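Colleague:
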């Protein structure tokens, strides 16, 4: 299956990309998607907290809904899902 | 020094512009323990002196500006002042916050707070130093814009102390109901119309300079809090990098992604990706940005110093960009920046201006407003060519600008369509769509000053960006306490004189140690929580005495009737949800069904009655 990943703000520099299409085996979960994206220590540190949890400084949305309270790293993925990754912020 | 707690001077300067009398009045030590400083202390001093029924533009209105014990230390972002007054826009409490350098400079004159009442017979400037305070004729300054006024009052002062200026522009002189008071040329006490109150008092500017120090009682305790705060600000991506690199306008794409970017006076939330990109933080950084900068002792540095052609200025910020932009169906960053510069120079709140223009555009497109009403200006949504011109006509109350100057509620009411004004308590809703979460809706409903980005607007972070602390978007159960807690954190930040954006990195604990260290008083997190509850109750008491009722804690009916699509589902905030959220919020506050703080709550918070 194919998942579209959108990077926003600081994550664009970090991943050198605005948008990527990632191919994953059926049944893959968010953990695997992020694992395949985070191929350097710097990227892993920005995405994962200690003990393989999501960093408190990151927000990840699946189809416009934050994953933190709906599965987190174990959130199921389906073909065509859009994942957006951006830093925790919320005011201006 | 007296026995007054460290961190304060223990002194208020009280000025009556009608009689010309200037008095030094000692602060009540119990007030600083109970109300801390900034927003809380200003609210208490205001409440003791104001007639709640007064006309906001009469000599009876009282302006209070207060600083906090942290100002004058190097606590990160602690340079903000807070101004309280009765708002000519809402008729309720006006409570406006500002960064820049004026507030610490004022504190260095040896006062914690400034109280201004009355009305001068002719325009005046107030000059304050540790040695003296004087009311001087404003002379030729009346009529000058903000930048000209600041230049006139800061040149020729020699190499000694540099005066810091707080002033109004022509919008304030003309009593535009959403006129701002400006500091350092481009920083604004923006919301609820303080500029109009200054204008009504014939007060053009307050210039301050001094070298009085802020004492720190327990340096070790203070330092442990300050060092932790700086460390945490350098850890969190928002405060470490994002706000400096992209400014607050870096939010535009994120807010669009969560379907909360308003469009066409909040009629919908539909934007093309390529349009949103035209006004993004990255586009601003590429096309307009000259440099980022910070306010007094601020390491975050979200200020945008920008340029359009030959014209230099500051901004636009997120709220400005969206209210003058997508909410008016405009995606022209240069036009938005130029209109923003004009607002800064003329002294207008960009949020209320954008919201009022969006309302006018909807009235125009629906055929309620005609070209003959707008002096021939084409107010179709998306017409960026009229943006800056409309700012000038509004500030000058020229032609149709005279109606714009009244704000969207009075404008729409004048054409018999008050339902097209997107306001809460007659103040324009900022740039986050309330249908997308209950917390957002309730945040706007319960702000004491009407809809405000700083008082409820950042609820967006609870529903979407809270990480592990996030609360479900449509939770009846969790929204009321979450919003109470968020309002309380805001009250504390405003009372400490620090920036909301520190909340992206940490909450209350480092502040508790800094405040306790500076003052030597026990400002533990539990004590600070009580301070916040007390301030909320006093602001509420004033509003009730000024005539507000529970029915004012609501949203425009558009948000209950016209659905938008959020994450694939159609959403409104139904009336029964509004009622339920409101009454549960009152309960979480210990207020009765009418929203009045219950006597037992007033007693347990030791809230004394108004001074006779």
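Protein chains in written order, with the numbering used here: chain S, 18 to 109; chain D, 1492 to 2103.
Backbone N, C-alpha and C fix where the C-beta goes; we use that ideal spot for every residue, glycine too.
Just so you know, these numbers come straight off a predicted model, no measurement behind them.
1) I'd like to know whether the C-beta atoms of residue 1683 (chain D) and residue 2030 (chain D) end up nearer to each other than 8 Å.
2) When you compare the CB of residue 84 (chain S) with every CB in chain D, is at least one pair closer than 8 Å?
3) Just to check my reading of the structure: residue 1615 (chain D) and residue 1665 (chain D) have Cβ atoms closer than 8 Å, yes? What is that Cβ distance to the nearest angstrom?
4) Give me the subset of the region 1643 to 1671 of chain D whose CB atoms are less than 8 Å from a CB atom of chain S, sorted by chain position.
5) To the nearest whole angstrom, what separates the beta carbons of residue 39 (chain S) and residue 53 (chain S), a pair I think is in contact under 8 Å?
6) Is residue 94 (chain S) close to chain A, meaning its C-beta is less than 8 Å from at least one C-beta of that chain?
7) Just reading off the beta strand (DSSP E) that residue 1804 (chain D) is part of, what are its end residues?
8) What is the C-beta distance between residue 1690 (chain D) and residue 1673 (chain D), in whole angstroms, given that I count them as a contact (C-beta under 8 Å)?
9) For a cutoff of 8 Å on Cβ pairs, would you count residue 52 (chain S) as touching chain D?
10) Nearest-angstrom Cα distance between residue 58 (chain S) and residue 2017 (chain D)?
11) Under 8 Å by Cβ, that's how I've got residue 1685 (chain D) and residue 1700 (chain D) pegged, so tell me the actual separation to the nearest angstrom.
12) Using a Cβ-Cβ cut-off of less than 7 Å, give me the residues of the region 1712 to 1730 of chain D that come near chain S, in sequence order.
13) Listed from N- to C-terminal order along the chain, which residues in the region 2058 to 2069 of chain D have their beta-carbon within a distance smaller than 9 Å of any beta-carbon of chain S?
14) Determine the closest residue to residue 2042 (chain D) out of D:1554, D:2070, D:1980, D:1786, with distance taken between C-alpha atoms.
15) Let's see if you can read the secondary structure: which residues bound the alpha helix (DSSP H) around residue 1712 (chain D)?
16) List the endpoints of the continuous alpha helix (DSSP H) containing residue 1972 (chain D).
17) According to DSSP, which residues form a beta bridge with residue 2082 (chain D)?
18) Give the residues from the region 2008 to 2034 of chain D that approach chain S closer than 8 Å (Cβ to any Cβ), ordered along the chain.
19) Is the beta carbon of residue 1584 (chain D) sitting closer than 8 Å to the one on residue 2033 (chain D)?
20) Can you tell which of D:1980, D:1829, D:2040, D:2100 has the C-alpha that lies nearest to the C-alpha of residue 1883 (chain D)?
21) Output yes if chain D places a C-beta closer than 8 Å to the C-beta of residue 58 (chain S); else output no.
22) Which class does residue 54 (chain S) belong to by DSSP, given the choice of helix, strand or coil?
23) Could you check whether residue 1911 (chain D) and residue 1905 (chain D) sit closer than 8 Å to each other, using their CB atoms as the reference points?
24) Do residue 1938 (chain D) and residue 1669 (chain D) have their C-beta atoms closer together than 8 Å?
25) Tell me, which residues are paired with residue 1669 (chain D) by DSSP?
26) Within a Cβ cutoff of 7 Å, which residues of the same chain sit near residue 1492 (chain D), ignoring the five residues on either side of it in sequence?
27) Residue 2108 (chain D): which of D:1731, D:1779, D:1642, D:1618 sits nearest, CA to CA?
28) Taking 8 Å as the threshold (beta carbon to beta carbon), is residue 18 (chain S) in contact with chain D?
29) Taking buried to mean at least 16 other C-beta atoms within 10 Å of its own C-beta, is residue 1515 (chain D) buried or exposed?
30) Count the other CB atoms within 10 Å of the CB of residue 1984 (chain D); is the residue buried (16 or more) or exposed (fewer)?
31) For a contact defined as C-beta to C-beta under 7 Å, what are the partners of residue 103 (chain S) on chain D?
32) Report whether the distance from the Cβ of residue 2006 (chain D) to the nearest heavy atom of the ligand NAP is below 7 Å.
33) Would residue 1869 (chain D) be called buried (16 or more neighbouring beta carbons within 10 Å of its own) or exposed?
34) Identify whether residue 1499 (chain D) lies in helix, strand or coil by the three-state DSSP scheme.
35) Excluding sequence positions up to five away, which residues of its chain have a Cβ less than 6 Å from the Cβ of residue 1751 (chain D)?
Modeller: Per the coordinate set shown:
1) With contacts defined as CB atoms closer than 8 Å, residue 1683 (chain D) and residue 2030 (chain D) fail to qualify as a contacting pair.
2) no
3) The pair is not a contact, with the Cβ atoms about 17 Å apart (cut-off 8 Å).
4) none
5) 7 Å
6) Among the protein chains in the structure shown, which are S and D, there is no chain A.
7) 1802 to 1805
8) Wrong, their Cβ atoms sit about 13 Å apart, outside the cutoff.
9) no
10) The straight-line gap from Cα to Cα measures roughly 40 Å.
11) That belief does not hold up - the Cβ atoms of residue 1685 (chain D) and residue 1700 (chain D) are roughly 22 Å apart, past 8 Å.
12) 1727, 1728, 1729
13) Hits within the stretch, in order: 2058, 2059.
14) D:2070
15) Residue 1712 (chain D) -> alpha helix (DSSP H) spans 1710 to 1726.
16) 1970 to 1987
17) D:2088
18) Here the close residues number zero.
19) yes
20) D:1829
21) no
22) helix
23) no
24) For residue 1938 (chain D) and residue 1669 (chain D), no; Cβs fall outside 8 Å.
25) Paired residue(s): none; residue 1669 (chain D) is not in a bridge.
26) Residue confidence for residue 1492 (chain D) is low, a pLDDT of 44 falling below 50, so the modelled location carries little weight; the figure read from the coordinates is stated next. Cβ neighbours of residue 1492 (chain D) beyond the five flanking positions: none.
27) Shown here, chain D extends from 1492 to 2103; a query on residue 2108 (chain D) therefore has no answer.
28) At a cut-off of 8 Å between beta carbons, residue 18 (chain S) makes no contact with chain D.
29) exposed
30) buried
31) 1745
32) For the ligand NAP, the structure offers nothing, since it holds no ligand at all.
33) exposed
34) Reduced to three states, the DSSP call for residue 1499 (chain D) is coil.
35) 1923, 1924, 1927
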